[in-house]
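Peer 1:
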Amino acid sequence: NAGVTQTPKFRILKIGQSMTLQCTQDMNHNYMYWYRQDPGMGLKLIYYSVGAGITDKGEVPNGYNVSRSTTEDFPLRLELAAPSQTSVYFCASSRMTGNTIYFGEGSWLTVV
Amino acid sequence: AQRVTQPEKLLSVFKGAPVELKCNYSYSGSPELFWYVQYSRQRLQLLLRHISRESIKGFTADLNKGETSFHLKKPFAQEEDSAMYYCALPYGGSQGNLIFGKGTKLSVKP
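From first to last, the protein sequence lines stand for chains F and L. Every letter in the first sequence is one number past the one before it in the numbering used here, and letter 39, counting from 1, is 79. Every letter in the second sequence is one number past the one before it in the numbering used here, and letter 19, counting from 1, is 14.
What follows is the structure, given as C-alpha cells:
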C-alpha cells in the first residue's frame, strides 16, 4: 500500500533551472496538495486540486505551476528556480477537505 | 485572519513526566482541529482530530473555545513520543484546506 509517493527525494538545482516534482497517490483521493516547509516554519500551501482538471492557488503559489490530468498524479513544476525556493516540499492527498490528509515523504530541494 | 500558533519551538521533558504541547488558534466559530506528528525519518501523519475525541498513543486534546486553544497532552511521556508535532486548522473552520502551526519539537529524555 504505497499511499502518496513523491520523487525525487533530494535535488540540487542551479538558479534559473526548471524541474518537476512528481507526486502520485493510489488511494483514489479527489483532493491533492503541495506544501512547502521552510526551516522553523509551518507548512504553507502552494497549490491544491479538488479533482482531475481542477487546480487552485494556495498561500504561496508564485514561481510554481501544477497540473492534474489524472486523479492519481499531481506534479509540481518550478520554473526559473530561485534560492527562495530552497525548501522541503510535501505532496499530500485526502478524500475530501476536512478528512485526514495523507502525506508523502517529502522532497528536499536546494537552489544554489 | 485565521491563524494557528504553537508558542514553543522545542519542548524537552524526561520520560514519565507529563507533557503539554500548546496550540492556540484564531477563528470565531466552532472549528475542527487536528494534531499531526512527524517521527524521525517518517512522513507527517495524523495523530488525532478534535471531532473524534479519541485518545491516540495516550495523547488527548481538548478544544477550549473560551481560550481558543487545543493543547495536546499526555500524562506520562515515553521516549518514542519524541517527534515534531503540528497543530492544524481548516480554512473556514471545518472544510477548508489546512493551516498549520510552525510545529513543536518534543524531546523525551531517558
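Ideal Cβ positions, reconstructed from N, Cα and C, are used throughout, including at glycine. On a predicted model such as this, the values are computed, not experimentally measured, just so you know.
Within 8 Å, do at least three Cβ pairs link the stretch 0 to 19 of chain L to the stretch 97 to 104 of chain F?
Peer 2: At 8 Å Cβ cutoff, the stretches do not touch.
Peer 1: What distance in whole Å lies between the Cβ atoms of residue 78/L and residue 68/L, which are believed to be in contact at a cut-off of 8 Å?
Peer 2: Here residue 68/L is taken as the residue at index 73 of the second sequence, counted from 1. Here residue 78/L is taken as the residue at index 83 of the second sequence, counted from 1. That pair is no contact at about 15 Å.
Peer 1: Among 135/F, 149/F, 105/F, 139/F, which one has its Cα closest to the Cα of residue 67/F?
Peer 2: What you label residue 67/F is simply residue 27 of the first sequence in a count that begins at 1. When only C-alpha atoms are compared, the closest one is 135/F.
Peer 1: Using a Cβ-Cβ cut-off of 7 Å, state whether residue 50/F counts as contacting chain L.
Peer 2: As a working mapping, residue 50/F is identified with position 10 in the first sequence. Not one chain L Cβ lies under 7 Å of residue 50/F.
Peer 1: Are the beta-carbon atoms of residue 51/L and residue 27/L separated by less than 7 Å?
Peer 2: Taking the second sequence and counting its residues from 1, one reaches residue 51/L at position 56. Taking the second sequence and counting its residues from 1, one reaches residue 27/L at position 32. Contact flag unset, no.
Peer 1: Could you give the distance in angstroms between the alpha-carbon of residue 53/L and the alpha-carbon of residue -1/L?
Peer 2: Sequence index remark: in the second sequence, residue 53/L carries index 58 (1-based). Sequence index remark: in the second sequence, residue -1/L carries index 4 (1-based). Rounded to whole angstroms, residue 53/L to residue -1/L spans 23 Å at the Cα level.
Peer 1: If you check the beta carbons only, do residue 32/L and residue 74/L fall under 7 Å apart?
Peer 2: On the second sequence, position 37 is the one that residue 32/L refers to. On the second sequence, position 79 is the one that residue 74/L refers to. At the C-beta level, residue 32/L and residue 74/L stay beyond 7 Å of one another.
Peer 1: Nearest-angstrom Cα distance between residue 114/F and residue 24/L?
Peer 2: Here the question's residue 114/F lines up with position 74 in the first sequence. Here the question's residue 24/L lines up with position 29 in the second sequence. Residue 114/F and residue 24/L: Cα-Cα distance of roughly 32 Å.
Peer 1: Measure the C-alpha to C-alpha separation of residue 116/F and residue 61/F and round it to an integer number of angstroms.
Peer 2: Here residue 116/F refers to the residue found at position 76 when the first sequence is read from its first residue. Here residue 61/F refers to the residue found at position 21 when the first sequence is read from its first residue. Approximately 5 Å, taken between the alpha carbons.
Peer 1: From what residue to what residue does the beta strand (DSSP E) around residue 26/F run?
Peer 2: Beyond the ends of chain F as shown, which are 41 and 152, falls residue 26/F; an answer cannot be given.
Peer 1: Mark residue 130/F as exposed unless 16 or more other C-beta atoms lie within 10 angstroms of its C-beta, in which case mark it buried.
Peer 2: Residue 130/F sits at position 90 when you count from the first residue of the first sequence. The residue is buried, with at least 16 neighbouring Cβ atoms inside 10 Å.
Peer 1: Since residue 81/L meets chain F, which of its residues come closer than 9 Å, beta carbon to beta carbon?
Peer 2: One-based indexing of the second sequence puts residue 81/L at position 86. Residues of chain F whose Cβ lies closer than 9 Å to the Cβ of residue 81/L are, in chain order, 82, 83.
Peer 1: On the three-state DSSP scale, how would you describe residue 123/F?
Peer 2: For the purposes of this step, residue 123/F is identified with residue 83 of the first sequence, where counting begins at 1. DSSP places residue 123/F in helix when its eight states are reduced to three.
Peer 1: Please check if any C-beta of chain F sits within less than 7 Å of the C-beta of residue 95/L.
Peer 2: Stepping through the second sequence from its first residue, residue 95/L is reached at position 100. Answer yes: the Cβ-Cβ gap between residue 95/L and chain F drops below 7 Å somewhere.
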